[in-house]
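Below is one structure, written out as structure tokens; the observations come after it.
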Amino acid sequence: MTQSPAQKFGGILSALVTPYRADFNLNEDIIAGLIDHELDQGVAGFYVGGSTGEAFLQSPEERGRLIAGVARAARGRGTLIAHVGTIATEDTLSIARSAADAGFDAVSAIPPFYYDFSAAELIAHYKALAAATPLPVIVYNFGGRTGKLGPNEILQLLDDPRVIGIKHTSQDFFQLERFKTHRPDAVIYNGYDEMCLGGLAMGADGAIGTTYNFMGHLFVALYKAFHEGRMADALALQKRANRVIEVLIDVGVFPATKGFLKLQGFDCGECRAPFRRLEAKDWQKLEACVAEYLSD
């Protein structure tokens with residue numbers, strides 16, 4: 372029996388960081404070890420080139436190199452989704468071609484932003500992407516950072532069979548439930564790590580998150596507990612993760628994520644400017660957090 376997108380693509384996926392060298396060029400040598408480390412935590416796959424991966428601080432060529440490097444390192448292990456979103460449709464299509472060439476399972480894209488694009492223009496952008504790639508498309512719904520792609524437009528896109536799901540980075544779980552009810556076979560991902568359990572309770576098939584790079588094992592256990600009906604255990608795991616996320620927000624989400632990975636033995640470099648560099652006081656907070664919440 373053919374699996375639905377919800378069945379095939381569900382689970383806990385890491386929004387993968389992009390590793391850099393000291394000169395901020397892509398560090399392709401560390402990708403294989405990083406992929407192994409995260410798969411060992413139990414994640415079901417990777418969302419490559421998204422916000423966590425600093426995509427909008429990179430050229431399309433760099434994003435294509437990262438996509439190819441991850442595919443080589445994964446060697447068929449886990450679901451691979453390439454985030455190909457940009458402001459320019461042609462750049463989006465170019466990165467999508469890199470994903471198809473690398474053997475990825477799907478592409479995803481945030482709506483074009485900054486300019487005041489109309490809803491019709493945004494829908495046309497997604498239609499162009501769906502027509503240009505052989506891979507299924509997952510819409511990245513991040514309303515807090517983009518424009519006029521509202522719930523009605525997303526429902527319209529879900530009516531296109533080439534669009535198989537939504538990455539829903541929003542506190543609006545009512546919308547999440549409506550998307551899932553409108554298209555039950557679609558894969559719906561929760562986007563905010565601190566509300567993973569809430570998203571699952573409202574119908575999400577899985578989650579894609581930044582913190583899954585270094586504490587994916589907690590969310591894999593949460594996902595398992597939820598599906599086994601052990602809600603008290605799932606909530607306890609969410610609370611534990613949220614204590615870590617409080618520190619992450621205090622220090623800076625993306626620089627701190629790379630900091631946690633470095634403490635785990637994976638030096639992915641620093642985030643590109645204008646992201647801040649971690650200071651001694653930041654490292655002290657991260658080390659204390661690891662000792663208290665991530666030592667097992």
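Under my numbering, think of the first position of the sequence shown as 372, with each following residue one higher. Every residue, glycine too, gets a C-beta built ideally from N, C-alpha and C.
Taking the alpha-carbon positions, what's the residue i to residue j distance?
i: Val-661; j: Lys-519; result: 40 angstroms
i: Met-602; j: Leu-632; result: 29 angstroms
i: Ile-466; j: Ser-479; result: 11 angstroms
i: Gly-420; j: Glu-663; result: 31 angstroms
i: Glu-641; j: Met-573; result: 36 angstroms
i: Pro-431; j: Ala-605; result: 39 angstroms
i: Ala-495; j: Thr-581; result: 29 angstroms
i: Gln-542; j: Tyr-511; result: 14 angstroms
i: Ala-607; j: Leu-528; result: 36 angstroms
i: Leu-410; j: Gln-655; result: 27 angstroms
i: Lys-610; j: Leu-619; result: 14 angstroms
i: Pro-645; j: Leu-593; result: 34 angstroms
i: Phe-427; j: Leu-387; result: 14 angstroms
i: Tyr-583; j: Gly-449; result: 14 angstroms
i: Val-441; j: Ile-406; result: 8 angstroms
i: Phe-625; j: Arg-648; result: 10 angstroms
i: Thr-504; j: Leu-568; result: 33 angstroms
i: Asp-621; j: Ile-481; result: 26 angstroms
i: Asp-394; j: Ala-502; result: 38 angstroms
i: Gln-429; j: Asp-530; result: 32 angstroms
i: Asp-400; j: His-553; result: 43 angstroms
i: Met-668; j: Lys-379; result: Limits of the chain in this structure are 372 at one end and 667 at the other, which puts residue 668 out of reach.
i: Asn-523; j: Glu-492; result: 14 angstroms
i: Val-455; j: Pro-555; result: 25 angstroms
i: Asp-462; j: Ser-666; result: 42 angstroms
i: Arg-392; j: Asp-653; result: 21 angstroms
i: Thr-460; j: Gly-600; result: 43 angstroms
i: Cys-639; j: Gln-374; result: 36 angstroms
For the alpha helix (DSSP H) that contains residue i, what are its first and last residues?
i: Leu-665; result: Here Leu-665 belongs to no alpha helix (DSSP H), and DSSP marks it neither H nor E.
i: Val-622; result: 602-622
i: Val-388; result: Looking at the DSSP string, Val-388 is not in any alpha helix (DSSP H), and its letter there is neither H nor E.
i: Gly-570; result: 567-572
Are the beta-carbon atoms of residue i and residue j separated by less than 8 angstroms?
i: Ile-616; j: Glu-565; result: yes
i: Ile-535; j: Phe-550; result: no
i: Ile-452; j: Ala-471; result: no
i: Leu-384; j: Gly-577; result: yes
i: Phe-590; j: Gly-570; result: no
i: Ile-525; j: Tyr-485; result: no
i: Gly-404; j: His-588; result: no
i: Val-508; j: Pro-376; result: no
i: Thr-423; j: Thr-628; result: yes
i: Ile-438; j: Ala-490; result: no
i: Leu-397; j: Glu-433; result: yes
i: Ala-415; j: Gly-382; result: yes
i: Ala-499; j: Leu-464; result: yes
Check residue i in the structure and name its three-state DSSP category.
i: Leu-649; result: coil
i: Ile-466; result: helix
i: Gly-640; result: coil
i: Ala-480; result: strand
i: Gly-381; result: coil
i: Gly-630; result: helix
i: Ala-557; result: coil
i: Ala-471; result: helix
i: Ala-575; result: coil
Along the chain, where does the beta strand (DSSP E) that runs through residue i open and close?
i: Ala-596; result: Element bounds for Ala-596: not the beta strand (DSSP E) but the alpha helix (DSSP H), 583-598.
i: Gly-536; result: 534-539
Complete runs of the alpha helix (DSSP H) confined to the stretch 395-459 [at least 4 residues] = 402-411, 431-445
At what residue ranges does the stretch 487-529 contain a whole run of the alpha helix (DSSP H), taking only runs of 4 or more?
-> 490-503, 522-529
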